[in-house]
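For the sequence shown, the numbering used here gives the first residue as 1050, with consecutive numbering after it. Below you'll find the structure, written out as structure tokens, and then a few comments.
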Amino acid sequence: IDALPLAFAAYIIAFGDILVIDSMFKRADEARPDEKLTFSPQRNSIICAARNFIHGLFAPMLGLSGPSWTGGQVLVINRYASNPRKVVDSYWGGATSIYWGMSIAMMFVPIVSLLKPGLNLGMVITLLIQGYLCGYLAIEMLAKRSNVERGVAIMIGAILAVKGATWGLGIGIMLYLLLERNWLKGRGAEAVAEPEQGPEES
1050 IDALPLAFAA YIIAFGDILV IDSMFKRADE ARPDEKLTFS PQRNSIICAA RNFIHGLFAP
1110 MLGLSGPSWT GGQVLVINRY ASNPRKVVDS YWGGATSIYW GMSIAMMFVP IVSLLKPGLN
1170 LGMVITLLIQ GYLCGYLAIE MLAKRSNVER GVAIMIGAIL AVKGATWGLG IGIMLYLLLE
1230 RNWLKGRGAE AVAEPEQGPE ES
């Protein structure tokens, strides 16, 4: 029971990662019309489920269970979108290169040991990039929303940062139900739909 808020928060973070990936791929398509990038959330979820099931049996680790490594995606997609085809031929070449490079480096213990002091710095940079992208995407999504929805989003973000996932999610659901749900909408619609009955004409 104690792990339920953390599991729910992890689900929301993973869902946010999918939104970020989808947004980045669309922007890359606009910048590079010479190659069509297709992202399928359904296929991504199936692959993640299979991978996480195997990880859960042999080497469970929550940090490696997300749908994407946002820092690596930003690096590859920005380089791909900012250069012509003769410099970066394909997105998949860049994505494959960075993951093959990481996989090969992990096989050599001395190299990993040399990079270990910078692990915390790398984690901070990754979180900063992900926070920036999530904030940028959230503001873009809220551009056409009402002031009430913007206020609720800001409150949830602030409470998440100060009090943690349990408080943030609980108060966020409460604010949504109290402020964004119009419980009297149905009654109002019924009242408008009923014609006013005046005195019968003689």
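Beta carbons: idealized from backbone N, C-alpha and C, even for Gly.
So, are the CB atoms of Thr-1119 and Asp-1066 less than 8 Å apart?
yes
Which same chain residues, not among the five before or five after Thr-1215, have their C-beta less than 6 Å away from its C-beta?
Pro-1054
Roughly how many angstroms separate the alpha carbons of Asn-1169 and Phe-1157, rounded to a whole number?
20 Å
From Ile-1205 to Gly-1221, what distance separates their C-alpha atoms?
5 Å
Pro-1166 to Val-1069 span [Cα, whole Å]:
29 Å
Measure the alpha-carbon distance for Ile-1275 versus Asp-1078 and round it to whole angstroms.
The structure shown has nothing for residue 1275, since the chain only spans 1050 to 1251.
Following the continuous alpha helix (DSSP H) through Ala-1144, name the residue where it begins and the one where it ends.
1140 to 1155
Please check the pair Val-1137 and Tyr-1148, which I expect to be a contact at CB under 8 Å, by giving their CB distance rounded to whole angstroms.
Not confirmed; about 16 Å, so no contact.
In the structure shown, what three-state DSSP assignment does Asn-1196 receive?
helix
In whole angstroms, what is the alpha-carbon distance linking Gly-1184 and Ala-1098?
27 Å
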